[in-house]
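Student: Pasting a structure here, questions to come.
2 protein chains.
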Amino acid sequence: MDRPLRADARRNRDRVLAAADAVFTAKGLAASTEEIAREAGVGVGTVFRHFPTKEALLEAVFLARVRILASKVDSLTTEGAGPAFFAFFAYAVESGDMYADVLAAGRTGETQVGQELADALSGLLARAQQAGAVRGDIGLPDLMALLSGAVHAASHANPASRTRLLTVINDGLRP
Amino acid sequence: MDRPLRADARRNRDRVLAAADAVFTAKGLAASTEEIAREAGVGVGTVFRHFPTKEALLEAVFLARVRILASKVDSLTTEGAGPAFFAFFAYAVESGDMYADVLAAGRTGETQVGQELADALSGLLARAQQAGAVRGDIGLPDLMALLSGAVHAASHANPASRTRLLTVINDGLRP
DNA sequence: TGACAAACGGAGTGATCACTCCGTATCTTC
DNA sequence: GAAGATACGGAGTGATCACTCCGTTTGTCA
């Protein structure tokens, strides 16, 4: 069914996605589609051809980001369950504001972003709890809320403050 | 200088403020001024006469909310420093989404909202640390970030999850 | 290289929003 | 209760935004 994209179309799609990521990060989610098109070096028509609504574009950007998070989780499986868990938390908190909106969006309901986030975190949490590194009385939704809150708290904070916030939450998460 | 407001003007100002609080809570901060005017039972002209910009209206709403928080702090001074601190935290977290935006706004910069929030929290934190109920390695900005993050995490969460989140953060805040 | 499908650019469209302006209504004061 | 100051309502204004449409360009493939 799906015919392969023409080379220029594929290239432009990627450019739009990268530009949207950059512009949403720099100017916030209210940034206009025209600005994203300008940053990508294409016309607005091209943006809407690849992503039928602004919401679809935003979801594509979020999905890309959540997949970076998921790959981070995967890259940590060689470590023990406890260290992997806390290393992941630290990574998310220290990644600037990049994940604040994604995590907030992924927490509510049945979006693909939420689904993939839940998939990535459920194993991480279960193994860390199994290993006795994380308290057993919290569930996956609690972790997602906590992660979202922690990243929210850390955004716009200086690195030293970020580290302190992380310490507080880590201490609270231990059994 | 300031002549007293006419009786109907005072009444309308209060109605607008209450309507803005309700509408912002129900529909989010992007709710239109016209909707607020309708809810208040006045014309849009009246809204803008009392609050020259939408931002000014939002700040007035936030200021009213932060003052509720501050009065909550004051009402807790009869308790010990530690219990007062944790009771305040619990109150903020359990107050639904009411404070999520206010706390996020109050954390950045030199607004009056931020100033009054800082004033309310600094004594609470200092006394709780003095009493040995809260770890000494965090400062006022850390607390403000943490409070904002906790309320953010708790918003849209069910009561049971809210309680668990609060437990995690409380445990992390102890020495 | 020619022909056709696929993709492009960007002016145009309709909707929404914050904010203004002024004729009308209401409150205050004597 | 009359006069004057104060406040009101809401149609109007200009700006912005998401999204569409179509004449033009570009890539693909025989």
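Top to bottom, those sequences are chains A and B.
All residue numbers for the first sequence refer to numbering that gives the first Met the number 0, where the first residue is 0 and numbers rise by one.
All residue numbers for the second sequence refer to numbering that gives the first Met the number 0, where the first residue is 0 and numbers rise by one.
Heads up, the beta-carbon is just placed ideally off N, CA and C, and yes, glycines get one too.
Of the choices B/L57, B/D141, B/L123, B/R106, whose alpha-carbon is the least far from that of B/A18?
Tutor: Translated into the one-based positions of the second sequence, residue 18 of chain B becomes position 19. Ranking the options by Cα distance to B/A18, first place goes to B/L57.
Student: Could you spell out the range, first to last residue, of the alpha helix (DSSP H) harbouring A/R163?
Tutor: For the purposes of this step, residue 163 of chain A is taken as residue 164 along the first sequence, with counting starting at 1. Looking at the DSSP string, the run of the alpha helix (DSSP H) that includes A/R163 is 158-172.
Student: Taking the alpha carbon of A/G180 as the reference point, which residue from A/D1, A/D7, A/L142 has its own alpha carbon closest?
Tutor: The first residue shown for chain A is 0 and the last is 174, placing residue 180 of chain A beyond what the model contains.
Student: Using a threshold of 7 Å, state whether the C-beta atoms of A/G171 and B/G148 are closer than that.
Tutor: In the first sequence, counting from the first residue as 1, residue 171 of chain A sits at position 172. In the second sequence, counting from the first residue as 1, residue 148 of chain B sits at position 149. Cβ atoms of A/G171 and B/G148: not closer than 7 Å.
Student: Just tell me which of B/A59, B/R37, B/F88 has its CA closest to the CA of B/T166.
Tutor: For the purposes of this step, residue 166 of chain B is identified with residue 167 of the second sequence, where counting begins at 1. It is B/F88 whose Cα lies nearest to the Cα of B/T166.
Student: How would you label A/L38, buried or exposed, when you count the other beta carbons within 10 angstroms and need 16 or more for buried?
Tutor: Residue 38 of chain A sits at position 39 when you count from the first residue of the first sequence. One detail in the question is off: residue 38 of chain A reads as Glu in this sequence, not Leu. With 16 or more Cβ atoms within 10 Å of its Cβ, A/E38 is classed as buried.
Student: A/V167 CB to nearest chain B CB: under 7 Å?
Tutor: Your numbering for residue 167 of chain A matches position 168 in the first sequence. Judged by the 7 Å Cβ criterion, A/V167 is in contact with chain B.
Student: Hey, A/T24 and A/A36 are a contact pair by Cβ (cut 8 Å); roughly how many whole angstroms apart?
Tutor: Your numbering for residue 24 of chain A matches position 25 in the first sequence. Your numbering for residue 36 of chain A matches position 37 in the first sequence. Incorrect: roughly 17 Å between the Cβ atoms, too far for contact.
Student: Would you kindly work out how many angstroms separate the C-alpha atoms of A/V43 and A/V65, rounded to a whole number?
Tutor: Locating residue 43 of chain A in the first sequence gives position 44, where the first residue counts as 1. Locating residue 65 of chain A in the first sequence gives position 66, where the first residue counts as 1. C-alpha separation (whole angstroms): 26 Å.
Student: Alpha carbon to alpha carbon, what distance is there between A/T76 and A/Y90?
Tutor: In the first sequence, the residue the question calls residue 90 of chain A occupies position 91. In the first sequence, the residue the question calls residue 76 of chain A occupies position 77. Distance between the alpha carbons of A/Y90 and A/T76: 14 Å.
Student: Going along chain B, which residues have a C-beta under 8 Å from A/R14?
Tutor: Translated into positions along the first sequence, residue 14 of chain A becomes position 15. The premise fails here: A/R14 is roughly 29 Å from chain B at the closest Cβ pair, so nothing lies under 8 Å.
Student: Identify each residue in the stretch 97-108 of chain A for which the Cβ-Cβ distance to at least one residue of chain B is less than 8 Å, and report them in chain order.
Tutor: Result list: A103, R106, T107.
Student: According to the Cβ coordinates, are A/A30 and A/V22 closer than 7 Å?
Tutor: Position 31 of the first sequence, counted from the first residue, corresponds to residue 30 of chain A. Position 23 of the first sequence, counted from the first residue, corresponds to residue 22 of chain A. Yes, these two residues count as a Cβ contact at 7 Å.
Student: Return helix, strand or coil for B/L142, following the three-state DSSP convention.
Tutor: In the second sequence, the residue the question calls residue 142 of chain B occupies position 143. Note: B/L142 maps to helix in three-state DSSP.
Student: Rank B/P174, B/M97, B/S121 by C-alpha distance to the C-alpha of B/A63 and give the top, closest one.
Tutor: Stepping through the second sequence from its first residue, residue 63 of chain B is reached at position 64. Nearest option by C-alpha distance: B/M97.
Student: Is there a Cβ of chain A sitting closer than 7 Å to that of B/S31, yes or no?
Tutor: Your numbering for residue 31 of chain B matches position 32 in the second sequence. Not an interface residue.
Student: Drop a sphere of 10 angstroms on the beta-carbon of A/L4, count the other beta-carbons inside from all chains shown, and report buried for 16 or more, exposed for fewer.
Tutor: What you label residue 4 of chain A is simply residue 5 of the first sequence in a count that begins at 1. Exposed: under 16 other Cβ atoms inside 10 Å.
Student: Would you say B/A21 reaches chain A, if we count a Cβ-Cβ gap shorter than 7 Å as a contact?
Tutor: Start at 1 with the first residue of the second sequence, and residue 21 of chain B comes out as number 22. With 7 Å as the cut-off, B/A21 does not count as an interface residue toward chain A.
Student: Measure the alpha-carbon distance for B/T107 versus B/D20 and round it to whole angstroms.
Tutor: For the purposes of this step, residue 107 of chain B is identified with residue 108 of the second sequence, where counting begins at 1. For the purposes of this step, residue 20 of chain B is identified with residue 21 of the second sequence, where counting begins at 1. Between B/T107 and B/D20, the C-alpha separation is close to 21 Å.
Student: Going by beta-carbon coordinates alone, are B/F85 and B/N157 separated by less than 7 Å?
Tutor: Your numbering for residue 85 of chain B matches position 86 in the second sequence. Your numbering for residue 157 of chain B matches position 158 in the second sequence. Not a contact, by the Cβ cut-off of 7 Å.
Student: Return the first residue and the last residue of the alpha helix (DSSP H) that A/V92 is part of.
Tutor: Residue 92 of chain A sits at position 93 when you count from the first residue of the first sequence. Per DSSP, A/V92 belongs to the alpha helix (DSSP H) from 80-93.
Student: Quick one: Cα of A/D136 to Cα of B/L164, how far?
Tutor: Walking along the first sequence from the start, residue 136 of chain A turns up at place 137. Walking along the second sequence from the start, residue 164 of chain B turns up at place 165. Taking the straight line from one Cα to the other gives about 10 Å.
Student: Assuming the contact rule is C-beta atoms closer than 8 Å, B/G122 and B/G113 should be a hit. Round their C-beta distance to whole Å, please.
Tutor: Taking the second sequence and counting its residues from 1, one reaches residue 122 of chain B at position 123. Taking the second sequence and counting its residues from 1, one reaches residue 113 of chain B at position 114. In fact, because the Cβ distance is near 16 Å, the residues do not count as touching under 8 Å.
Student: Under the rule that 16 or more other beta-carbon atoms within 10 Å means buried, what is A/D141, buried or exposed?
Tutor: If you number the first sequence from 1, residue 141 of chain A lands on position 142. Answer is buried; the Cβ neighbour count reaches 16.
Student: Of the choices B/L145, B/G79, B/H155, whose alpha-carbon is the least far from that of A/S160?
Tutor: Along the first sequence, read from residue 1 onward, the residue named residue 160 of chain A stands at position 161. Per the Cα distances, B/L145.
Student: Would you say A/A130 reaches chain B, if we count a Cβ-Cβ gap shorter than 7 Å as a contact?
Tutor: Translated into positions along the first sequence, residue 130 of chain A becomes position 131. No, no contact with chain B.
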